[in-house]
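Notes to accompany the following structure.
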Amino acid sequence: MGTGCASGYCGTGGWRPVGSMLDSGVGNGAVADIWLSLQVEVENQGEVEFTFNRVSNNPANYLQLYVDEEHIWNVESEQAWAEDGNQPITFTAPVGAGVHVITWVFHKERQYSWMDEDDVQQHTDGGEDRVQITSIVVRGSREGGAPECLRCPDGTVANAASSLCDSCRPGTFTDPSKPGVCTPCPQGTFSPGWGSAGCLACGHGTFSAAGSAGCDVSPDHCVYDAADGVSYDLGGLARVHEPMWGPVHDANNSVDYYLNVCSKDHSNGTCHGRDGVAVAGYACQQNTLIDSYSGYEASWWDDEDAWGW
1 MGTGCASGYC
11 GTGGWRPVGS
21 MLDSGVGNGA
31 VADIWLSLQV
41 EVENQGEVEF
51 TFNRVSNNPA
61 NYLQLYVDEE
71 HIWNVESEQA
81 WAEDGNQPIT
91 FTAPVGAGVH
101 VITWVFHKER
111 QYSWMDEDDV
121 QQHTDGGEDR
131 VQITSIVVRG
141 SREGGAPECL
151 RCPDGTVANA
161 ASSLCDSCRP
171 GTFTDPSKPG
181 VCTPCPQGTF
191 SPGWGSAGCL
201 ACGHGTFSAA
211 GSAGCDVSPD
221 HCVYDAADGV
231 SYDLGGLARV
241 HEPMWGPVHD
251 ANNSVDYYLN
261 VCSKDHSNGT
271 CHGRDGVAVA
281 GYACQQNTLI
291 DSYSGYEASW
301 WDDEDAWGW
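1 is the number of the first residue of the sequence shown in the working numbering; add one for each residue after it.
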């Protein structure tokens with residue numbers, strides 16, 4: 001099996017195994033196409049049967065099915081006519097003799113023109129929207145479901161518990177001399193996203209520890225040393241005992257960002273991940289809460305010196 005992101009932004013780099021199911025991932029952009037493909041060899045006439053359910057309130061988000069280049073539209077019809085869009089659906093499609101590639105695509109949309117204003121607001125923030133496939137059965141195929149084993153693409157490693165290749169986490173990469181494992185980036189380098197085949201060198205005047213997803217400016221002062229020998233003092237952009245800069249609006253993905261280019265330690269604001277745990281970073285995405293003197297509602301969490309979002 002293979003997986004990836006055909007368009008838009010995919011938060012987890014593609015589909016992923018979650019327990020006994022395959023999950024299209026979370027944290028995706030407002031528009032995304034997350035694909036999952038399976039190559040099979042059918043001896044005579046066969047069929048593929050699969051069971052899935054959508055976790056989404058947006059009627060424009062749905063699962064697509066392709067057999068080679070043929071779009072099987074009936075899958076979308078089944079979802080459109082379902083009384084409860086989040087209940088499991090089982091679908092069967094014929095597959096002729098020969099070698100074929102079966103592809104599932106979770107198609108994620110921001111909005112349609114027929115949505116009224118309330119619907120648009122409700123359906124454009126769906127970072128948690130996803131599809132889960134709980135069963136795939138290919139009948140009439142040769143044993144194993146594929147004529148040969150395929151090498152995982154660069155930036156991914158084989159998962160012994162499934163037939164998927166897992167993307168390496170940010171801060172790691174695939175080293176050809178160490179097949180099958182994700183290797184931490186060396187000191188002074190970084191890999192910012194999922195599925196990296198290599199690490200990037202930190203820029204002049206910045207540094208990183210081993211296994212980093214980004215580089216930091218000088219820990220002593222906010223100065224950037226450029227390659228031409230010129231130093232840039234970024235101290236004027238520092239936000240000490242003040243809210244982070246923002247919001248900076250990203251119209252392509254319908255999110256806002258708050259920034260502090262000089263420090264990851266914000267005395268009155270903390271970025272939280274989806275699990276509620278504080279995340280050190282130069283930027284927070286959407287819904288940052290800052291203290292009440294700026295007119296925002298503040299909420300405390302466990303660390304008395306930090307604020308939640």
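Ideal placement from N, C-alpha and C gives every residue a C-beta, glycine not left out. Bear in mind the structure is a predicted one, so any value in this text is a computation, not a measurement.
Residue burial is scored here from C-beta neighbours: E109 has at least 16 other C-beta atoms within 10 angstroms and is therefore classed as buried.
Taking C-beta separations shorter than 7 Å and ignoring five residues to either side along the sequence, the partners of C152 in its chain run A158, C165, following chain order.
By a beta-carbon distance limit of 8 Å, T189 does not contact C182. Their separation comes to about 14 Å. Q79 sits in a helix when the DSSP states are folded into three classes.
Membership of V48 in the beta strand (DSSP E) is indicated by the continuous run 32 to 55. In this structure, DSSP gives L259 an extended state, which the three-state scheme calls strand. For M21, the uninterrupted beta strand (DSSP E) run begins and ends at 21 to 23, by DSSP. When only Cα atoms are considered, T12 and V261 end up about 25 Å apart. Bridge pairing for Y66: H71, T103 [DSSP]. Cβ neighbours of D129 within its own chain (closer than 7 Å, five residues either side excluded): V55, S56, N58, N61, K108.
With respect to the 7 Å criterion, L65 and I72 are classified as neighbours on the basis of their beta carbons. As the crow flies, the alpha-carbon of V95 is around 19 Å from that of I89.
Rounded to the nearest angstrom, the gap between the Cα atoms of A283 and Y258 is 5 Å. Rounded to whole angstroms, the gap between the alpha carbons of V48 and A6 is 23 Å.
Under the three-state reduction of DSSP, G193 is assigned to coil, being neither helix nor strand. Around E43, the same chain offers A97, G140, S141, R142 as residues with beta carbons nearer than 8 Å, after the five sequence neighbours per side are excluded. Collapsing the DSSP output to three states places G203 in coil.
Relative to the Cα of D68, the nearest Cα in the group Q45, W104, E76, V75 belongs to W104. A Cβ-Cβ separation of about 7 Å places S37 in contact with I102 under the 8 Å criterion. The C-beta distance from V31 to G8 rounds to 4 Å, short enough to fall under 8 Å.
Put simply, of T3, F106, V18 the residue whose alpha carbon is nearest the alpha carbon of T134 is V18. Spanning the alpha carbons of T92 and G171 requires a straight line of approximately 41 Å.
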